[in-house]
Amino acid sequence: MSVHVYAICDGDAEASPSTGIGAQPLRMVRCGRLAALVSDSGGDAPSGREEELWQHEQAVEALMAGHDVLPMRFGARLADDEAVAVLLRAREGELRRGLLRVAGGIELGIRATPSAPAPERSTGSCYLDGLKRRDELAGELQRRIEHALAPLARDSRFSRPRYAAGTVASAHLVERERLEEFRARAAALAEELDSAALSCTGPWPPYSFAEPGEEA
Amino acid sequence: VSQALSTRAEAGARFGAREVTLLDMLDRLLEGGVAIQGDVTLAAADIDLVELSLRLVVASVDTLGRAGTGR
Chain A
4 MSVHVYAICD GDAEASPSTG IGAQPLRMVR CGRLAALVSD SGGDAPSGRE
54 EELWQHEQAV EALMAGHDVL PMRFGARLAD DEAVAVLLRA REGELRRGLL
104 RVAGGIELGI RATPSAPAPE RSTGSCYLDG LKRRDELAGE LQRRIEHALA
154 PLARDSRFSR PRYAAGTVAS AHLVERERLE EFRARAAALA EELDSAALSC
204 TGPWPPYSFA EPGEEA
Chain B
135 VSQALSTRAE AGARFGAREV TLLDMLDRLL EGGVAIQGDV TLAAADIDLV
185 ELSLRLVVAS VDTLGRAGTG R
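Protein sequence lines correspond, in order, to chains A and B. Residue 138 in our numbering sits at position 135 of the first sequence; the count goes up by one each step and never skips. Residue 140 in our numbering sits at position 6 of the second sequence; the count goes up by one each step and never skips.
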């Protein structure tokens with residue numbers, strides 16, 4: 004009987020009466036000053052269906068409603084409760100620092116895609132010019148997002164998704180009480196940008212800040 | 135599917151589409167979070183997930199394109 008692991012939190016947190024993957028009840032495994040939110044997996048690896056991903060997300064969110072959490076990546080599965088306790092003990096320092104890093108914060112996601120047409124493949128040099136222009140646009144887009152939204156966040160991390168050329172994605176760690184302020188600023192930025200479509204999603208558990216940043 | 139889904143969908147609807155929300159969810163659950171190395175059998179699911187993300191990419195790029203030109 005293995006267990007799915009959803010999130011790490013303070014040792015005194017109570018599991019919410021919610022369910023996890025496969026609609027299994029959630030419970031806590033405690034070790035020292037840390038606890039892990041888990042459910043029995045019945046020995047099956049997660050299949051990765053969309054429903055399971057949302058079940059993982061729902062379990063983390065239910066805990067996040069009342070506690071600071073360090074979310075686990077989807078698919079984290081250990082042999083039994085004892086293995087979970089071993090993990091909590093072995094990585095206690097790192098996990099406690101992680102909890103401090105995200106304390107009181109939630110994550111907001113921004114995704115901006117330039118509406119410039121994809122580079123034409125008519126000639127090699129034309130195509131390369133198009134690629135260059137697209138990178139410049141993405142850089143400019145990132146500066147606009149950074150300028151408008153990073154001041155409202157405790158930390159911001161940017162990425163350029165491999166699978167969507169020209170798109171700028173970012174994650175922002177925002178104090179819970181500044182959620183609406185952040186959303187309003189993002190909506191205003193979306194209106195200002197006439198050459199890109201911008202979306203704001205969240206609040207998410209702080210997945211993008213679960214590991215220390217490059218500067219940390 | 136869940137409370138989470140409807141909350142996300144509402145949040146996404148302000149600026150974009152449900153597909154964008156799914157894509158943001160995938161990025162976070164599959165690449166973010168605390169990773170356990172070694173101890174864990176990472177989803178036999180990986181192949182399914184790649185397929186799912188590719189479908190979502192196509193859907194979301196399409197949707198974003200329309201949102202961009204519609205303004």
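Note that beta-carbon positions come from the ideal geometry of N, C-alpha and C, so glycine has one too. All values reported here derive from a predicted model rather than from experimental measurement.
Q: Grab me the residues of B:Ile181's own chain with a C-beta within less than 8 Å of its C-beta, minus the 5 sequence neighbours each way, in chain order.
A: For the purposes of this step, residue 181 of chain B is identified with residue 47 of the second sequence, where counting begins at 1. For B:Ile181, the predicted structure reports a pLDDT of 46, less than 50, and the residue's modelled location is therefore unreliable. A value from the coordinates is still provided. Excluding positions up to five away in sequence, the list is empty.
Q) Along the stretch 84-116 of chain A, what residues have a CB closer than 8 Å to any CB found in chain B? A) Ala86, Leu90, Leu98, Gly101, Glu110, Gly112, Arg114, Thr116
Q) Do you know whose CA, among A:Asp158, A:Arg181, A:Glu184, lies nearest A:His175's CA? A) The residue given as residue 175 of chain A occupies position 172 in the first sequence. Comparing Cα positions, the closest option is A:Asp158.
Q: Check distances from the C-beta atoms of the stretch 152-174 of chain B to those of chain A and list, in chain order, the residues that come in under 8 Å.
A: Val154, Thr155, Leu156, Leu157, Asp158, Met159, Leu160, Asp161, Arg162, Leu163, Leu164, Glu165, Gly166, Gly167, Val168, Ala169, Ile170, Asp173, Val174
(Q) My output table needs one value for A:Asp43: the three-state DSSP class, helix, strand or coil. (A) To locate residue 43 of chain A, count along the first sequence from 1; it is residue 40. Strand.
Q: Rounded to whole angstroms, what's the CA-CA distance from B:Val164 to A:Gly23? Just pull it up for me.
A: If you number the second sequence from 1, residue 164 of chain B lands on position 30. If you number the first sequence from 1, residue 23 of chain A lands on position 20. According to the sequence displayed, residue 164 of chain B carries Leu and not Val. Going from the Cα of B:Leu164 to the Cα of A:Gly23 covers about 17 Å.
Q | 8 Å Cβ cutoff met for A:Leu140 and A:Pro164 | A | Working through the first sequence from its first residue, we reach residue 140 of chain A at position 137. Working through the first sequence from its first residue, we reach residue 164 of chain A at position 161. Contact flag unset, no.
Q. Roughly how many angstroms separate the alpha carbons of A:Glu95 and A:Gly101, rounded to a whole number?
A. For the purposes of this step, residue 95 of chain A is taken as the residue at position 92 of the first sequence. For the purposes of this step, residue 101 of chain A is taken as the residue at position 98 of the first sequence. About 10 Å.
Q | Residues bridged to A:Met31 [DSSP beta-bridge criterion] | A | As a first step, residue 31 of chain A is located in the first sequence; it is residue number 28 there, counting from the start. Its beta-bridge partners are A:Leu40.
Q | Rounded C-alpha distance that separates A:Gly216 from A:Arg137 | A | Taking the first sequence and counting its residues from 1, the one referred to as residue 216 of chain A is at position 213. Taking the first sequence and counting its residues from 1, the one referred to as residue 137 of chain A is at position 134. Whole-angstrom Cα-Cα distance: 27 Å.
Q) Counting Cβ pairs, one atom from each stretch, are 3 or more of them under 8 Å apart for the stretch 84-99 of chain A and the stretch 126-134 of chain A? A) no
Q: For A:Met4, return the contacting residues in chain B, with the cut-off set at a CB-CB distance below 8 Å.
A: Position 1 of the first sequence, counting from 1, holds the residue named residue 4 of chain A. What A:Met4 touches in chain B: nothing, since even the nearest Cβ is about 14 Å away.
Q. Can you list, in chain order, the residues of its chain whose CB lies under 8 Å from that of A:Gly107, leaving out five sequence neighbours each side?
A. The sequence position of residue 107 of chain A within the first sequence is 104, counting from 1. Closer than 8 Å at Cβ, skipping near neighbours: Asp71, Glu178, Arg179.
Q: Assign A:Thr204 to one of two classes, buried (16 or more other C-beta atoms within 10 Å of its C-beta) or exposed (fewer than that).
A: As a first step, residue 204 of chain A must be located in the first sequence, where it is residue number 201. Classification for A:Thr204: buried.
Q. Exposed or buried, which one is A:His150 when buried takes at least 16 other CB atoms within 10 Å?
A. Counted from its first residue, the first sequence places residue 150 of chain A at position 147. Per the 10 Å Cβ criterion, exposed.
(Q) Checking 8 Å against the spacing of the C-beta atoms, do A:Ser211 and B:Arg162 come in under that value? (A) The sequence position of residue 211 of chain A within the first sequence is 208, counting from 1. The sequence position of residue 162 of chain B within the second sequence is 28, counting from 1. Taking 8 Å as the Cβ cut-off, A:Ser211 and B:Arg162 qualify as a contacting pair.
Q | chain B contact for A:His59 (CB, 8 Å cutoff) | A | The sequence position of residue 59 of chain A within the first sequence is 56, counting from 1. Yes, contact with chain B.
Q.
Less than 6 Å between C-beta atoms, sequence neighbours within five positions excluded: which residues of the same chain meet that for A:Phe185?
A. As a first step, residue 185 of chain A must be located in the first sequence, where it is residue number 182. Once the five neighbours on either side are set aside, the close Cβ partners of A:Phe185 are Leu111, Leu155, Val177.
Q | Nearest residue (CA-CA) to A:Leu81, options A:Pro49, A:Glu53, A:Gln61, A:Ser173 | A | Residue mapping note: residue 81 of chain A aligns to position 78 of the first sequence, counting from 1. Checking every option, the nearest Cα to that of A:Leu81 belongs to A:Pro49.
Q: With a 10 Å radius around its C-beta and 16 neighbouring C-beta atoms as the bar for buried, classify B:Glu153 as buried or exposed.
A: As a working note, residue 153 of chain B is residue 19 in the second sequence. It counts as buried.
Q) What number of angstroms, rounded off, separates the C-alpha of A:Ala10 from the C-alpha of A:Ser173? A) Translated into positions along the first sequence, residue 10 of chain A becomes position 7. Translated into positions along the first sequence, residue 173 of chain A becomes position 170. Those two C-alpha atoms are separated by around 22 Å.
Q: State the start and end residues of the unbroken alpha helix (DSSP H) segment that holds B:Leu160.
A: For the purposes of this step, residue 160 of chain B is identified with residue 26 of the second sequence, where counting begins at 1. That run of the alpha helix (DSSP H) goes 152-165.
(Q) Against chain B, does A:Arg36 count as a neighbour if the rule is that its beta carbon must be under 8 Å from one of theirs? (A) The sequence position of residue 36 of chain A within the first sequence is 33, counting from 1. Output row for A:Arg36: interface = no.
Q: Report yes if the CB atom of A:Val105 is closer than 8 Å to the CB atom of A:Pro209, and no otherwise.
A: One-based indexing of the first sequence puts residue 105 of chain A at position 102. One-based indexing of the first sequence puts residue 209 of chain A at position 206. Yes, they are a contact pair.
Q.
On a Cα-Cα basis, can you pick out the residue from A:Gln61, A:Ala38, A:Gly35 that is closest to A:Ala26?
A. For the purposes of this step, residue 26 of chain A is taken as residue 23 along the first sequence, with counting starting at 1. If we check each option's Cα against that of A:Ala26, A:Gln61 comes out closest.
Q | Beta-carbon neighbours of A:Leu131, restricted to chain B and to distances below 8 Å | A | Position 128 of the first sequence, counted from the first residue, corresponds to residue 131 of chain A. Under the 8 Å cutoff, chain B gives no residues; its nearest Cβ is about 22 Å from A:Leu131.
Q. A:Asp132 bridges to which residues according to DSSP?
A. In the first sequence, residue 132 of chain A corresponds to position 129, counting from 1. According to DSSP, A:Asp132 bridges with nothing at all.
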